[in-house]
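*Asks:* In this note's numbering, the protein residues as written are -2 to 117. The structure is given below, and queries will be raised subsequently.
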C-alpha cells in the first residue's frame, strides 16, 4: 500500500471512531483553488482599506496594535489547531462543541458561528 492509501485508511478509521463514514471528495479543482486564494487576499484588502481610518483615529499607537492582535490571533489559531487534531470532523466549531460540551451548547455555538460569518 502506498503512503497516500495508508493515510486514507487511517483517516477512514478515525471517522469510524466517531461513527461516520468517509464521504468527502478530497479533490481540489480550479475553482476551489481560486476560492482559497481569493479568501486569503480579502483580509489584506480589508487591512489596507481601513489603514487610513486607524491612522487618523490612533496615530502612531496603531503600530502597537498589530503585534498585540497578531499574538492573540496566533494563540487562537493554536487552540483551533489542537481541537482540530483531536476532532478531525467537518462542521468545525459545531462538532467540537458537541463532543466537548454537549448537543445544547453545540446548537447555540453553531448558530453563533453562522451569524458571525454573516456579519463579518
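Built from N, CA and C at the ideal position, the CB exists for glycine as well. What you are looking at is a predicted structure, and each value in this text was computed from that prediction instead of being measured.
Nearest to residue 96 by CA position, among 16, 62, 2, 5, is which residue?
*Replies:* As a first step, residue 96 must be located in the chain shown, where it is residue number 99. Closest option to residue 96, Cα to Cα, is 16.
*Asks:* Distance check for residue 38 and residue 46, CA to CA, integer angstroms please.
*Replies:* Counting from one through the chain shown, the residue named residue 46 turns up at place 49. Counting from one through the chain shown, the residue named residue 38 turns up at place 41. Their Cα atoms are separated by approximately 13 Å.
*Asks:* Return the residue from the list 26, 3, 89, 49 that minimises the CA-CA distance to residue 104.
*Replies:* As a working mapping, residue 104 is identified with position 107 in the chain shown. Out of 26, 3, 89, 49, 89 has the C-alpha closest to the C-alpha of residue 104.
*Asks:* On the criterion of 16 or more Cβ atoms from any shown chain inside 10 Å, does residue 109 qualify as buried, or is it exposed?
*Replies:* Your numbering for residue 109 matches position 112 in the chain shown. Label assigned to residue 109: exposed.
*Asks:* When DSSP labels each residue in this structure, what does residue 110 get in the three-state scheme?
*Replies:* The residue labelled residue 110 in the question sits at position 113 within the chain shown. Correct three-state label for residue 110: helix.
*Asks:* Is it right to say residue 70 is buried, meaning 16 or more other beta carbons lie within 10 angstroms of its own, or is it exposed?
*Replies:* For the purposes of this step, residue 70 is identified with residue 73 of the chain shown, where counting begins at 1. By the 10 Å Cβ count, residue 70 comes out exposed.
*Asks:* When you compare each of 1, 18, 2, 0 to residue 85 by their alpha carbons, which one comes out closest?
*Replies:* Walking along the chain shown from the start, residue 85 turns up at place 88. Out of 1, 18, 2, 0, 18 has the C-alpha closest to the C-alpha of residue 85.
*Asks:* Taking the straight line between their C-alpha atoms, what separation do you get for residue 73 and residue 36?
*Replies:* Here residue 73 refers to the residue found at position 76 of the chain shown. Here residue 36 refers to the residue found at position 39 of the chain shown. For residue 73 and residue 36, the distance between alpha carbons rounds to 19 Å.
*Asks:* Between residue 61 and residue 53, what straight-line distance do the alpha-carbon atoms span, to the nearest angstrom?
*Replies:* In the chain shown, the residue the question calls residue 61 occupies position 64. In the chain shown, the residue the question calls residue 53 occupies position 56. Each residue's Cα considered, the two are about 15 Å apart.
*Asks:* Could you check where the alpha helix (DSSP H) with residue 94 kicks off and where it finishes?
*Replies:* For the purposes of this step, residue 94 is taken as the residue at position 97 of the chain shown. Element bounds for residue 94: 89 to 98.
*Asks:* Can you tell me where the alpha helix (DSSP H) with residue 67 in it begins and where it stops?
*Replies:* Start at 1 with the first residue of the chain shown, and residue 67 comes out as number 70. Note, residue 67: alpha helix (DSSP H), 59 to 83.
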